[in-house]
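Novice:
Listed below in structure tokens is the structure:
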């Protein structure tokens, strides 16, 4: 029996900003959406129920890490990733390609795929477009990614073009494997990934060629890899107009709150980034008035919460003085509370953007959010 097909509904636009809904077998994803990163089948320092309560409709799992440990086959035997990690909502998995390029040892890439050694124990693996999709199918994720080659920027044009062309060929092979495994009949989606580095005509060509393939969604990859924000935004301005209007658009690995705001303004629907969780584990809080570094001594005697107006208990129920103490003492509760605060703030930001697009007031929301960040976290003691 086939599941209801994967679908995307564009509900409203305001300028280039888009409000939509992605429907998967595990629920509705309201877009624009930020997807917390659950690399090893867990969002670090958070319970799954807490992640959901922040407003997250979807989390991300990492193919590279899960194929190494505990293995996709084991997860499949244990009922799939949703059951394994106790997250009954939508899951997106990446292809593993970025981690192979950044983490694996002694990697060798050719037309067929990439051979590499695990960064954990040195075991040898061969990841092809087919194997990447097979792993994601075993995990049972709702949204899956083609295997691509992500190169660092800046790189010579010929190298960017070579990687982009290879990624297009791998896109076709990924799609064939996805259909062979019955992904569409299970209601799952496979996204193609636009590459092309910081070269405008290569970005356009990649987007145009991918648009001819029957993907359920389209990602913008190969950005947030060290280039300045203005380069990333310029590439989005060039790329999103050539992407299908009726399919979701996902900017991979991005980013700061400012990146999210600017990218939604340029037509992006989905994001993921380790930034809010990683920052939380290192004493950094994101708030309506910018970043707050709880390591700083100025918080030592500050009785104020991070944000008294939020619904998040981590943000409203604990003083900055206490959070500063936890951070300085190296207590695990510091990471838990600050991660909770940060994910709540990110989801509040996304909800604010969705509401503003629906109301046709996105530009007002954009300007007010920027003004609040510019004001900064002024002490009122």
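Numbering (my numbering), first residue to last: 1047 to 1427.
C-beta: ideal position from N, C-alpha, C; glycine also.
With DSSP as the reference, please indicate the residues paired to residue 1319 in a beta bridge.
Specialist: Numbered from 1 along the chain shown, position 273 holds the residue referred to as residue 1319. The partner list for residue 1319 (beta bridge, DSSP) reads 1082.
Novice: Just to check my reading of the structure: residue 1259 and residue 1221 have Cβ atoms closer than 8 Å, yes? What is that Cβ distance to the nearest angstrom?
Specialist: Start at 1 with the first residue of the chain shown, and residue 1259 comes out as number 213. Start at 1 with the first residue of the chain shown, and residue 1221 comes out as number 175. So it is a contact: roughly 6 Å between Cβ atoms.
Novice: Under the rule that 16 or more other beta-carbon atoms within 10 Å means buried, what is residue 1194, buried or exposed?
Specialist: Working through the chain shown from its first residue, we reach residue 1194 at position 148. That one is buried.
Novice: Would you identify the three-state DSSP class for residue 1067, choosing helix, strand or coil?
Specialist: One-based indexing of the chain shown puts residue 1067 at position 21. Residue state, collapsed to three classes: strand.
Novice: With H, G and I counted as helix, E and B as strand and the rest as coil, what does DSSP make of residue 1426?
Specialist: As a working mapping, residue 1426 is identified with position 380 in the chain shown. Unreliable positioning characterises residue 1426 in this predicted model, as indicated by a pLDDT of 46, which lies under 50. A coordinate reading is not provided.
Novice: When the distance is taken between beta carbons, is residue 1166 closer than 7 Å to residue 1118?
Specialist: Here the question's residue 1118 lines up with position 72 in the chain shown. Here the question's residue 1166 lines up with position 120 in the chain shown. No, the pair does not count as a contact, with Cβ atoms beyond the cut-off.
Novice: Can you find a CB in chain C that lies within less than 7 Å of the CB of residue 1324?
Specialist: Of the chains in the structure shown, none is chain C; there is only one protein chain.
Novice: State the Cα-Cα distance for the pair residue 1444 and residue 1345, rounded to the nearest angstrom.
Specialist: Any answer about residue 1444 is impossible in this case: the structure gives the chain only from 1047 up to 1427.
Novice: Could you tell me which uninterrupted beta strand (DSSP E) segments, each at least 3 residues in length, are contained entirely in the stretch 1184 to 1251, listed from first to last along the chain?
Specialist: As far as the stretch 1184 to 1251 is concerned, its whole beta strand (DSSP E) runs of at least 3 residues are 1189 to 1191 and 1235 to 1240.
Novice: Only counting the same chain, and skipping five residues up and downstream in sequence, which positions put a Cβ closer than 8 Å to that of residue 1311?
Specialist: Numbered from its first residue, the chain shown carries residue 1311 at position 265. Here the set comprises 1061, 1062, 1063, 1408 and 1412.
Novice: Do you know offhand how far residue 1339's Cα is from residue 1231's?
Specialist: One-based indexing of the chain shown puts residue 1339 at position 293. One-based indexing of the chain shown puts residue 1231 at position 185. The alpha-carbon atoms of residue 1339 and residue 1231 are separated by roughly 48 Å.
Novice: According to DSSP, simplified to helix, strand and coil, what is residue 1284?
Specialist: Along the chain shown, read from residue 1 onward, the residue named residue 1284 stands at position 238. Residue 1284: helix per DSSP, three-state reduction.
Novice: On the DSSP letters alone, give me the boundaries of the beta strand (DSSP E) that residue 1339 sits inside.
Specialist: The count along the chain shown starts at 1 and reaches residue 1339 at position 293. Looking at the DSSP string, the run of the beta strand (DSSP E) that includes residue 1339 is 1336 to 1339.
Novice: In the DSSP assignment, find the unbroken beta strand (DSSP E) run with residue 1344 in it and report its ends.
Specialist: Residue mapping note: residue 1344 aligns to position 298 of the chain shown, counting from 1. Segment: none, residue 1344 is in no beta strand (DSSP E) and carries neither H nor E.
Novice: Expressed to the nearest angstrom, what Euclidean distance is found between the alpha-carbon atoms of residue 1400 and residue 1080?
Specialist: Start at 1 with the first residue of the chain shown, and residue 1400 comes out as number 354. Start at 1 with the first residue of the chain shown, and residue 1080 comes out as number 34. Taking the straight line joining both Cα atoms gives about 11 Å.
Novice: Alpha carbon to alpha carbon, how far is residue 1110 from residue 1145? Give it in angstroms, no decimals.
Specialist: Counted from its first residue, the chain shown places residue 1145 at position 99. Counted from its first residue, the chain shown places residue 1110 at position 64. Answer to the nearest angstrom: the Cα atoms are 6 Å apart.
Novice: Between the C-alpha atoms of residue 1100 and residue 1355, what's the straight-line distance to the nearest angstrom?
Specialist: Locating residue 1100 in the chain shown gives position 54, where the first residue counts as 1. Locating residue 1355 in the chain shown gives position 309, where the first residue counts as 1. When rounded, the distance between both Cα atoms is 15 Å.
Novice: From the DSSP output, in three-state form, read off residue 1331 for me.
Specialist: Within the chain shown, the letter at position 285 stands for residue 1331. Strand at residue 1331.
Novice: For residue 1102 and residue 1303, what's the separation of their Cα atoms in angstroms?
Specialist: Numbered from 1 along the chain shown, position 56 holds the residue referred to as residue 1102. Numbered from 1 along the chain shown, position 257 holds the residue referred to as residue 1303. C-alpha separation (whole angstroms): 16 Å.
Novice: Determine the closest residue to residue 1229 out of 1262, 1217 and 1207, with distance taken between C-alpha atoms.
Specialist: The residue you call residue 1229 lines up with position 183 of the chain shown. Out of 1262, 1217 and 1207, 1262 has the C-alpha closest to the C-alpha of residue 1229.
Novice: From the DSSP output, read off the bridge partner residues of residue 1151.
Specialist: Here residue 1151 corresponds to residue number 105 of the chain shown, with the count starting at 1. Answer is 1163, bridged to residue 1151.
Novice: Near residue 1067, which residues of its chain fall below 8 Å by C-beta distance, leaving aside the five closest residues on each side in sequence?
Specialist: As a working note, residue 1067 is residue 21 in the chain shown. Counting only Cβ-Cβ distances below 8 Å, and skipping sequence neighbours, we find 1054, 1055, 1057, 1074, 1075, 1076 and 1077.
Novice: Which same chain residues end up closer than 7 Å to residue 1127 when comparing Cβ atoms and leaving out the 5 residues on each side of it in sequence?
Specialist: Reading the chain shown from its first residue, position 81 is the one you call residue 1127. Counting only Cβ-Cβ distances below 7 Å, and skipping sequence neighbours, we find 1087, 1107, 1121, 1137, 1185, 1186 and 1187.
Novice: Could you spell out where the alpha helix (DSSP H) holding residue 1401 opens and where it closes?
Specialist: As a working mapping, residue 1401 is identified with position 355 in the chain shown. Element bounds for residue 1401: 1378 to 1405.
Novice: Under 7 Å, do residue 1159 and residue 1139 count as touching if we go by C-beta distance?
Specialist: Position 113 of the chain shown holds residue 1159. Position 93 of the chain shown holds residue 1139. For residue 1159 and residue 1139, no; Cβs fall outside 7 Å.
Novice: Evaluate contact between the stretch 1281 to 1295 and the stretch 1313 to 1331, counting only Cβ atoms and requiring at least three cross-stretch pairs below 8 Å.
Specialist: Touching, yes, given that three or more Cβ pairs across the two stretches are closer than 8 Å.
Novice: Can you tell me which of 1347, 1124, 1206 and 1072 puts its alpha carbon nearest to the alpha carbon of residue 1134?
Specialist: On the chain shown, position 88 is the one that residue 1134 refers to. Considering only alpha carbons, the answer is 1072.
Novice: For residue 1075, which of helix, strand or coil comes out of DSSP?
Specialist: Taking the chain shown and counting its residues from 1, one reaches residue 1075 at position 29. Reduced to three states, the DSSP call for residue 1075 is strand.
Novice: How would you call residue 1272, buried or exposed, if buried means at least 16 neighbouring beta carbons within 10 angstroms?
Specialist: Indexing the chain shown from 1 puts residue 1272 at position 226. It is exposed - the Cβ of residue 1272 has fewer than 16 other Cβ atoms within 10 Å.
Novice: Roughly how many angstroms lie between the CA atoms of residue 1241 and residue 1300, to the nearest whole one?
Specialist: For the purposes of this step, residue 1241 is taken as residue 195 along the chain shown, with counting starting at 1. For the purposes of this step, residue 1300 is taken as residue 254 along the chain shown, with counting starting at 1. The alpha-carbon atoms of residue 1241 and residue 1300 are separated by roughly 15 Å.
Novice: Could you name the residues that DSSP lists as bridge partners for residue 1137?
Specialist: As a position in the chain shown, residue 1137 is number 91, starting the count at 1. Its beta-bridge partners are 1105.
Novice: Identify whether residue 1048 lies in helix, strand or coil by the three-state DSSP scheme.
Specialist: One-based indexing of the chain shown puts residue 1048 at position 2. DSSP places residue 1048 in coil when its eight states are reduced to three.
Novice: As a quick exercise: from 1341, 1406, 1391 and 1337, pick the residue whose alpha carbon is nearest that of residue 1421.
Specialist: Here residue 1421 is taken as the residue at index 375 of the chain shown, counted from 1. Of the candidates 1341, 1406, 1391 and 1337, the one whose C-alpha sits nearest the C-alpha of residue 1421 is 1337.
Novice: From residue 1371 to residue 1342, what does the alpha carbon distance come to, in whole angstroms?
Specialist: Residue 1371 sits at position 325 when you count from the first residue of the chain shown. Residue 1342 sits at position 296 when you count from the first residue of the chain shown. Rounded to whole angstroms, residue 1371 to residue 1342 spans 10 Å at the Cα level.
Novice: Residue 1287 and residue 1257 - do their beta-carbons sit closer together than 7 Å?
Specialist: Here residue 1257 refers to the residue found at position 211 of the chain shown. Here residue 1287 refers to the residue found at position 241 of the chain shown. Not in contact: residue 1257 and residue 1287 (Cβ atoms no closer than 7 Å).
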